[in-house]
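Trainee: Take a look at the following structure, please.
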Ligand code: RIB
Ligand code: CA
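Residue numbers (the numbering used here): 2 to 315.
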């Protein structure tokens, strides 16, 4: 039986690429996509996800909207830096046909918890936005979430600098309280942070051949990807495949060949807010609930990503 997967996104260009990549993974069954604020508002993330699924011919996959703001309650406002990375609409200013589907009525975390109760270790969760939805799901039914086969997060910067501040990676920073709740819950998670995603930079060299497929899907996804690694605001051309790498690591954890077993905590205040680190007390605990990827086979992954997505785009 194929493992069931829920992907939690804040779509976002690399989220869009992760969705396309996941749809190409024949070994899993995508039972739903949940959305969160982050790169865009939760409303835009939901719309982008529905429209992308429509473009890719997967209107059968349901979309469950989640949190519109972090646990702190502060309103989520999209900063100019996000427009530079993801465009004004989150998908590189590319217009997609509107899906006729509507978002589901139950929340992202209700869907996660219900699915975990139903499928247990036949279910994997992959979270590539702020951890608000996952934290809410754990609060709702910790036992069910803990029973999932694997939970893979695109989060953190442990041995490298952050991307939203010198200390913090964006998904952790965007809801540092939810991130702390997840990491201190004791539930096992696999983390794909900037330590490895920054080893997976792509440009036209790797993805240019999508254009030659010459379908509506390939033209649109290529344009979206191209904005991400090449736009007027970027000094250095190239984009990191953050979220697609989390998808790969969920399905094939061996793509990362060095997993550190560790317990982590998240700074909540001051300039280091969103920084992940460990402490003597956490190190002394016998059970380590985080496996943190420190190295990846980037060449194998990038080729697999480009080829798998190209099949989806034909
Ligand atoms: O730091 C990179 C992460 O933040 C990615 O998930 C990107 O999509 C944004 O959510
Ligand atoms: Ca994301």
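Just so it is clear, CB atoms sit at the ideal spot from N, CA and C, and this is done for glycine as well.
(1) By Cβ distance below 6 Å, which residues in the same chain neighbour residue 166 in space, the five residues on each side in sequence not counted?
(2) Does the beta-carbon of residue 1, which I'm using as the reference point, lie nearer than 7 Å to any heavy atom of ligand 2?
(3) Sort 252, 194, 290 and 246 by Cα distance to residue 275 and report the nearest one.
(4) With respect to the beta strand (DSSP E) encompassing residue 293, which residues constitute its N-terminal and C-terminal limits?
(5) With residue 297 and residue 257 assumed to form a contact (beta carbons below 8 Å), what rounded beta-carbon distance in angstroms separates them?
(6) Assuming the contact rule is C-beta atoms closer than 8 Å, residue 243 and residue 125 should be a hit. Round their C-beta distance to whole Å, please.
(7) Let me check one thing: in DSSP terms, what residues is residue 241 bridge-paired to?
(8) Is residue 273 helix, strand or coil by DSSP?
(9) Enumerate in chain order the residues of its own chain whose CB-to-CB distance from residue 220 is below 8 Å, with the five nearest sequence positions on each side excluded.
(10) Between residue 25 and ligand 1, is the CB less than 7 Å from at least one heavy atom?
(11) What beta strand (DSSP E) runs, 3 residues minimum, are completely inside the stretch 7 to 82?
(12) Quick one: residues in its chain with C-beta nearer than 6 Å to the C-beta of residue 152, no 5 flanking neighbours on either side, listed in chain order?
(13) Taking 8 Å as the CB-CB cut-off, is residue 234 touching chain D?
(14) What does the alpha-carbon distance come out to for the pair residue 34 and residue 163?
(15) Could you compute how far the alpha carbon of residue 315 sits from the alpha carbon of residue 209?
(16) Across which residues does DSSP place residue 259 in a beta bridge pair?
(17) In whole angstroms, give me the CA-to-CA distance for residue 27 and residue 273.
(18) Between residue 43 and the rest of its own chain, which residues show a CB-CB distance below 7 Å, the 5 nearest in sequence each way excluded?
(19) Exposed or buried, which one is residue 80 when buried takes at least 16 other CB atoms within 10 Å?
(20) Rounded to a whole number of angstroms, what is the C-alpha to C-alpha distance between residue 233 and residue 14?
(21) Confirm, please, whether the CB-CB distance from residue 263 to residue 279 is below 8 Å.
Mentor: So, from the listed chains and residues:
(1) none
(2) With the chain represented from 2 up to 315, any question about residue 1 goes unanswered, as that position is not in the structure.
(3) Nearest of 252, 194, 290 and 246 to residue 275, Cα basis: 194.
(4) Start and end: 291 to 297.
(5) At roughly 5 Å, the Cβ-Cβ gap stays under 8 Å, so residue 297 and residue 257 are in contact.
(6) 18 Å between Cβ atoms; not a contact.
(7) 202
(8) helix
(9) 212
(10) no
(11) The DSSP assignment places 29 to 36 and 64 to 66 as complete runs of the beta strand (DSSP E) inside the stretch 7 to 82, in order along the chain (cut-off: 3 residues).
(12) Closer than 6 Å at Cβ, skipping near neighbours: 126 and 190.
(13) Here chain D cannot be found, since the structure has a single protein chain.
(14) 27 Å
(15) 14 Å
(16) 296
(17) 41 Å
(18) Closer than 7 Å at Cβ, skipping near neighbours: 36, 37, 66, 67, 68 and 69.
(19) exposed
(20) A direct Cα-to-Cα measurement between residue 233 and residue 14 gives close to 16 Å.
(21) yes
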